[in-house]
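J.:
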Amino acid sequence: MSHSDVIASVGVSMLLLAFFLSQRGTLAEDSRVYLLLNFVGASLAGFAAWLAGVIPFVVLEGVWALVAAWGLMRRWRVARVS
Numbered sequence: 057m058s059h060s061d062v063i064a065s066v067g068v069s070m071l072l073l074a075f076f077l078s079q080r081g082t083l084a085e086d087s088r089v090y091l092l093l094n095f096v097g098a099s100l101a102g103f104a105a106w107l108a109g110v111i112p113f114v115v116l117e118g119v120w121a122l123v124a125a126w127g128l129m130r131r132w133r134v135a136r137v138s
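Here the sequence shown is numbered in the working numbering, starting from 57 and rising by one per residue.
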């Protein structure tokens, strides 16, 4: 198993864990843990896709990570104001 395979597997596992816990009702989709799992998981998967030269997945995972980061920033701002 290559380095990019290991990185991709960890990233995708984090994404799937967030999705599974959300579907079970354990994690809210706007919770910090859910957003953090998505951000880190998508970042790792995107990096692995870049290492493998699979540009469409770099774009997909990059956008996924940016949306999760935006959600985290929004949560941080709301917590700071409160």
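Note that beta-carbon positions come from the ideal geometry of N, C-alpha and C, so glycine has one too.
Distance, Cα to Cα, L107 vs V96?
T.: The residue you call residue 107 lines up with position 51 of the sequence shown. The residue you call residue 96 lines up with position 40 of the sequence shown. Their Cα atoms are separated by approximately 16 Å.
J.: Would you report the Cα separation of F75 and I63, rounded to the nearest angstrom?
T.: Position 19 of the sequence shown, counting from 1, holds the residue named residue 75. Position 7 of the sequence shown, counting from 1, holds the residue named residue 63. Taking the straight line joining both Cα atoms gives about 19 Å.
J.: Give every residue of the same chain whose Cβ lies closer than 8 Å to the Cβ of R88, excluding the five residues on either side of it in the sequence, and list them in chain order.
T.: The sequence position of residue 88 within the sequence shown is 32, counting from 1. Excluding residues within five positions, the ones whose Cβ falls inside 8 Å are L128, R131.
J.: What's the gap between the Cα of M57 and the Cα of F113?
T.: Position 1 of the sequence shown, counted from the start, is the residue given in the question as residue 57. Position 57 of the sequence shown, counted from the start, is the residue given in the question as residue 113. Rounded to the nearest angstrom, the two C-alpha atoms are 19 Å apart.
J.: Please check the pair A104 and S60, which I expect to be a contact at CB under 8 Å, by giving their CB distance rounded to whole angstroms.
T.: Along the sequence shown, read from residue 1 onward, the residue named residue 104 stands at position 48. Along the sequence shown, read from residue 1 onward, the residue named residue 60 stands at position 4. 4 Å between Cβ atoms; contact.
J.: Suppose you measure from the CA of L116 to the CA of A101; what does that come to, to the nearest Å?
T.: Stepping through the sequence shown from its first residue, residue 116 is reached at position 60. Stepping through the sequence shown from its first residue, residue 101 is reached at position 45. Each residue's alpha carbon lies about 10 Å from the other.
J.: Relative to the C-alpha of A125, which residue among L91, Q79, G81 is closest?
T.: Indexing the sequence shown from 1 puts residue 125 at position 69. With distances taken between Cα atoms, A125 lies closest to L91.
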